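Visitor: Have a look at the structure that comes next, please.
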Amino acid sequence: MKIRIPFSSFLKCLLVLCALGAFTQTARAQQVTLIDNIVAKVGSHIILRSELEFQNANAVSQGYKSTNLRCEILRSLVQNKLLLARAEIDSVIVDETQINAELEGRLSNFVAQIGSEEKLEEYYKKPMNEIRSDLKRSLREQLTTQKMEREIAGKIKVTPKEVQQYFNRIPKDSLPYFSTEVEVGQIVKIAQIGTAQKQAAREQLEAIRKRIMAGEDFAALAKQYSQDPGSGAAGGVLGFFKKRELVPEYEAAALKLQPGETSPVIESMFGFHIIQLLERRGEEFNTRHILIKPATAQVDLQQTTALLDSIRNLIQKDSISFAKAAKDFSDDMSTKGNGGMITLPGSPTTDIPVDKLDPSIFFVTDTLKVGDISIPLPYRTEDGKEAMRILYLKSKTPPHQANMKDDYQKIAAAALSEKRNRAISDWFEKNKDTVFVDLAPEFKSCNLDD
């Protein structure tokens, strides 16, 4: 069962990331001063005391109150592990391509936020290859749990009548007061890499390959030159992968090699690689690589600006809607399917409090009137690519207390979440005896049957 969250807190959590990502939770849990031990076993999965204590501290900091908070959190953790255990039994598998794409995005984002790979290693007190491995394991669990929840409750919907009934049950003194909110859309165009930039990257990597073939150490050169944030510091080592877990171009080149051999320069969606096969073990193979990404030139940004200007003019002349233009032209995968509208992590609504807006968006939209579109502006994607974007101010709502007219999306999301959580809780009750669950003696009083 999920922790029961008051409606006001739930709505606030729709607008911010309620809890840190699973990987960050695990990493910070390791910093808890308590001596770690196992507090629960669910099939082959374990729950550590540090994980429980971190979740408890996080819940308290979010303002959740309960006379039995640790037990409620433990039940939620057991439920998540049961979802993982049942996923193994029911052969619910997350596509490796999805995991790898999420992994690369998260790693790039972590490195960008903290400043460098070295600082990231210092923060987590482990080398990049271990950080990469831990993050991938955490992402696999997270995505598998989400997939199981979708299979259990993903098709559940709420009717307008159910939304109204949900709202009517809320005590009037529990309704939250919202600050000014805006709906902002974007169309992003990533600067295209020209032939000259690609050729320069290829030539740089060809020169590095010649040094390797002449006897220089692959690992040392990977540490010096590779632009892969996940493996560069580890001498380019990626670790063992199965077939179809890496991009096709990389895998095809790697599987042509004998152990110790180095590939020619090959191109993938990430840039240019040279690959060295370290070991093959059954259906798995271990490689190291050096990645060089083509640089983006100013001329590409100028061409991208001109393209966005033409799209902006079409929208302003009513030749195409902003939503259709975003779907047809935007390179931002996270917003193009949503009419270009930006949302906060974990939020199902496009309404964003102005104090939660990225400053680079706030200072632009603050000068726009509703319906206006900005001129093309410089932008850098989460994975570090240079781009340009235009911003669209769709709506601006003044401060107000939650009501059905202005906040139907948020209230419907809360009602839907309650209904889906109830379905998952019912599933837990029906399935908790299908997997061995063992609690530490001190938590036996946490009755999972409640």
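Following our numbering, the numbering of the sequence shown begins with 498 at its first residue and continues without gaps.
In this text, a Cβ means the ideal position worked out from N, Cα and C, and glycines have one as well.
Every value quoted in this text rests on a predicted model; they were computed, and no experiment measured them.
Extract the residue ranges of the beta strand (DSSP E) inside the segment 846-903, only unbroken runs of 3 or more that lie entirely within it.
Guide: Counting whole runs of 3 or more residues, the segment 846-903 contains the beta strand (DSSP E) stretches 874-877, 883-894.
Visitor: Give me the Cβ distance between V685 and D806, rounded to the nearest whole Å; I'm assuming they're in contact under 8 angstroms.
Guide: For the purposes of this step, residue 685 is taken as residue 188 along the sequence shown, with counting starting at 1. For the purposes of this step, residue 806 is taken as residue 309 along the sequence shown, with counting starting at 1. Not quite, the Cβ-Cβ distance comes to about 14 angstroms (not below 8 angstroms), so this is no contact.
Visitor: Enumerate in chain order the residues of its own chain whose CB-to-CB distance from G768 is below 8 angstroms, with the five nearest sequence positions on each side excluded.
Guide: Numbered from its first residue, the sequence shown carries residue 768 at position 271. So the qualifying residues of the chain are A698, Q724, L788, I789, K790, P791.
Visitor: Helix, strand or coil for C515? Go by DSSP, reduced to three states.
Guide: Counting from one through the sequence shown, the residue named residue 515 turns up at place 18. Here C515 scores only 38 on pLDDT, less than 50, and its place in the model should not be relied on; the value that follows carries that caveat. In this structure, C515 counts as coil in the three-state DSSP scheme.
Visitor: Locate the alpha helix (DSSP H) running through V608, then write down its first and last residues.
Guide: Along the sequence shown, one-based indexing puts residue 608 at 111. Segment 593-611, the alpha helix (DSSP H) holding V608.
Visitor: What's the C-alpha gap between S816 and R647?
Guide: Taking the sequence shown and counting its residues from 1, one reaches residue 816 at position 319. Taking the sequence shown and counting its residues from 1, one reaches residue 647 at position 150. Taking the straight line joining both Cα atoms gives about 38 angstroms.
Visitor: Should M645 go down as buried or exposed, given a rule of 16 or more other Cβ atoms within 10 Å for buried?
Guide: By 1-based counting over the sequence shown, the position of residue 645 is 148. Classification of M645: buried, given that the 10 Å Cβ count is 16 or more.
Visitor: Going along the chain, which residues of its own chain have a beta-carbon closer than 8 angstroms to the beta-carbon of Q522, five neighbours each way excluded?
Guide: Residue mapping note: residue 522 aligns to position 25 of the sequence shown, counting from 1. For Q522, the pLDDT reaches just 46, beneath the cut-off of 50, and the residue's location in the model is therefore unreliable, leaving the point undetermined.
Visitor: Going by the CB atoms, is the gap between R777 and P756 shorter than 8 angstroms?
Guide: In the sequence shown, the residue the question calls residue 756 occupies position 259. In the sequence shown, the residue the question calls residue 777 occupies position 280. Yes.
Visitor: Alpha carbons only, please: which of E742, E746, E758, I771 is nearest the one belonging to E781?
Guide: Working through the sequence shown from its first residue, we reach residue 781 at position 284. When only C-alpha atoms are compared, the closest one is E742.
Visitor: Between L604, Q576, K578, which lies nearest to D880 when the distance is taken from Cα to Cα?
Guide: Along the sequence shown, read from residue 1 onward, the residue named residue 880 stands at position 383. Among L604, Q576, K578, the Cα nearest to that of D880 belongs to L604.
Visitor: As an exercise, report each continuous alpha helix (DSSP H) stretch of at least 4 residues that is fully enclosed by the segment 725-806, in chain order.
Guide: Within the segment 725-806, the complete alpha helix (DSSP H) runs of at least 4 residues are 745-752.
Visitor: Quick one: what's got a C-beta closer than 6 angstroms to R809's C-beta in the same chain, skipping five residues either side?
Guide: Stepping through the sequence shown from its first residue, residue 809 is reached at position 312. Contacts found: I870, I887.
Visitor: Between which two residues does the alpha helix (DSSP H) harbouring A909 extend?
Guide: As a first step, residue 909 is located in the sequence shown; it is residue number 412 there, counting from the start. Counting along the chain, the alpha helix (DSSP H) containing A909 begins and ends at 905-928.
Visitor: Please report the distance separating the alpha-carbon of A688 from that of P873.
Guide: By 1-based counting over the sequence shown, the position of residue 688 is 191. By 1-based counting over the sequence shown, the position of residue 873 is 376. Their backbone Cα atoms lie some 12 angstroms apart in a straight line.
Visitor: Tell me the DSSP secondary structure of E678 in three-state form.
Guide: Start at 1 with the first residue of the sequence shown, and residue 678 comes out as number 181. Looking at E678 - three-state DSSP - the assignment turns out to be strand.
Visitor: Alpha carbon to alpha carbon, how far is S563 from L571?
Guide: Looking up residue 563 in the sequence shown gives position 66. Looking up residue 571 in the sequence shown gives position 74. Going from the Cα of S563 to the Cα of L571 covers about 13 angstroms.
Visitor: What residues are listed by DSSP as bridge partners for V660?
Guide: Within the sequence shown, the letter at position 163 stands for residue 660. Bridge partners of V660: none, in fact.
Visitor: Could you give the C-beta distance for A912 and Y663, rounded to a whole number, given that I count them as a contact under 8 angstroms?
Guide: Here residue 912 refers to the residue found at position 415 of the sequence shown. Here residue 663 refers to the residue found at position 166 of the sequence shown. The Cβ separation is near 4 angstroms, so the contact holds.
Visitor: Is there at least one non-hydrogen atom of the ligand ADP closer than 7 angstroms to the beta-carbon of G768?
Guide: No copy of the ligand ADP appears in this structure; indeed no ligand is present at all.
Visitor: With a Cβ-Cβ cutoff of 8 angstroms, do V867 and K907 count as a contact?
Guide: As a first step, residue 867 is located in the sequence shown; it is residue number 370 there, counting from the start. As a first step, residue 907 is located in the sequence shown; it is residue number 410 there, counting from the start. Cβ atoms of V867 and K907: not closer than 8 angstroms.
Visitor: Report buried or exposed for S676, applying the criterion of at least 16 other Cβ atoms within 10 angstroms of its Cβ.
Guide: Counted from its first residue, the sequence shown places residue 676 at position 179. Looking at its Cβ environment, which holds fewer than 16 other Cβ atoms inside 10 Å, S676 is exposed.
Visitor: Roughly how many whole angstroms lie between the Cα atoms of I544 and E703?
Guide: Taking the sequence shown and counting its residues from 1, one reaches residue 544 at position 47. Taking the sequence shown and counting its residues from 1, one reaches residue 703 at position 206. Distance between the alpha carbons of I544 and E703: 48 angstroms.
Visitor: What is the rounded straight-line gap between the Cα of P896 and the Cα of N835?
Guide: Within the sequence shown, numbered from 1, the residue matching residue 896 stands at position 399. Within the sequence shown, numbered from 1, the residue matching residue 835 stands at position 338. The alpha-carbon atoms of P896 and N835 are separated by roughly 25 angstroms.
Visitor: When DSSP labels each residue in this structure, what does I812 get in the three-state scheme?
Guide: For the purposes of this step, residue 812 is identified with residue 315 of the sequence shown, where counting begins at 1. I812: helix per DSSP, three-state reduction.
Visitor: In the DSSP assignment, find the unbroken beta strand (DSSP E) run with L936 in it and report its ends.
Guide: Taking the first residue of the sequence shown as position 1, residue 936 is located at position 439. Looking at the DSSP string, the run of the beta strand (DSSP E) that includes L936 is 934-936.
Visitor: Return the first residue and the last residue of the beta strand (DSSP E) that I535 is part of.
Guide: Position 38 of the sequence shown, counted from the first residue, corresponds to residue 535. Where I535 is concerned, the enclosing beta strand (DSSP E) stretches over 535-539.
Visitor: Quick check on I586: buried or exposed, where buried means 16 or more other Cβ atoms within 10 Å of its Cβ?
Guide: Along the sequence shown, read from residue 1 onward, the residue named residue 586 stands at position 89. Classification for I586: exposed.
Visitor: For my contact list, K929 and L579 are in at a C-beta cut-off of 8 angstroms; report their separation, rounded to the angstrom.
Guide: Position 432 of the sequence shown, counted from the first residue, corresponds to residue 929. Position 82 of the sequence shown, counted from the first residue, corresponds to residue 579. Indeed they touch by this definition, with Cβ atoms about 6 angstroms apart.
Visitor: Have a look at the DSSP bridge pairing and note the partners of L545.
Guide: In the sequence shown, the residue the question calls residue 545 occupies position 48. Its beta-bridge partners are I535.
Visitor: Please confirm whether A952 and A920 have their CB atoms less than 8 angstroms apart.
Guide: Summary: the structure shown does not reach residue 952, with the chain confined to residues 498 through 947, and so no result is reported for it.
Visitor: Return the CA-CA distance between L752 and S613, expressed in angstroms with no decimal places.
Guide: Locating residue 752 in the sequence shown gives position 255, where the first residue counts as 1. Locating residue 613 in the sequence shown gives position 116, where the first residue counts as 1. Between L752 and S613, the C-alpha separation is close to 32 angstroms.
Visitor: State the Cα-Cα distance for the pair V762 and Q773, rounded to the nearest angstrom.
Guide: In the sequence shown, the residue the question calls residue 762 occupies position 265. In the sequence shown, the residue the question calls residue 773 occupies position 276. Distance between the alpha carbons of V762 and Q773 is about 11 angstroms.
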